[in-house]
């Protein structure tokens, strides 16, 4: 499994309510994306950084999303260029399913 973290350093702070409105407007774009099984939107306490934490089946599927068009849409929406950082996720603790998952 791959975890990708995207961040946007915003030109000015936004409130939780503003972030929620923006996030809800883009959330439908991530429904049924191949290889993506969860996305969590995030906002820093000071409202200056927004982003997402994406959980992917593979790096190739993640990279297929983060295209130049995706970056342009994000820049237009947030007024900032996104950064994407990838992490290997070899073990996951899922307390809802009461499982420890490993990609062994």
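Numbering (this note's numbering), first residue to last: 5 to 108.
Where is the CB? At the ideal position from N, CA and C, for every residue including glycine.
Remember, predicted model here, so these are calculated numbers, not experimental data.
With a 10 Å radius around its C-beta and 16 neighbouring C-beta atoms as the bar for buried, classify residue 33 as buried or exposed. It is exposed - the Cβ of residue 33 has fewer than 16 other Cβ atoms within 10 Å.
Three or more beta-carbon pairs under 8 Å between the region 99 to 108 and the region 13 to 32, yes or no? With the cut-off at 8 Å, the region 99 to 108 and the region 13 to 32 do not touch.
Less than 8 Å between the CB atoms is what I'm expecting for residue 50 and residue 94, so what's the real figure, rounded? No, residue 50 and residue 94 are not in contact; Cβ-Cβ is about 32 Å, not under 8 Å.
Could you tell me the distance, in whole angstroms, from the CA atom of residue 77 to the CA atom of residue 91? Residue 77 and residue 91: Cα-Cα distance of roughly 23 Å.
Should residue 66 be labelled buried (16 or more other beta-carbon atoms within 10 Å of its own) or exposed? A residue is called buried when at least 16 other Cβ atoms come within 10 angstroms of its Cβ; residue 66 meets this threshold and is buried.
Kindly give me the distance between the Cβ atoms of residue 41 and residue 7, rounded to whole angstroms, as I take these residues to be in contact under 8 Å. Between residue 7 and residue 41 the Cβ distance is about 11 Å, and since that is not below 8 Å, they are no contact.
What is the rounded straight-line gap between the Cα of residue 45 and the Cα of residue 30? Here the alpha carbon of residue 45 sits roughly 10 Å from the alpha carbon of residue 30.
Where does residue 8 fall in DSSP's three states? Reduced to three states, the DSSP call for residue 8 is strand.
Same chain, Cβ closer than 7 Å to residue 88, five either side skipped, listed in chain order: Take residue 88, set aside five residues on each side of it, and the residues of its chain with a beta-carbon closer than 7 Å to its own are 8, 10 and 70, in chain order.
On a CA-only basis, which of 61, 57 and 79 is nearest residue 13? Give me that one, please. The shortest C-alpha separation from residue 13 is found at 79.
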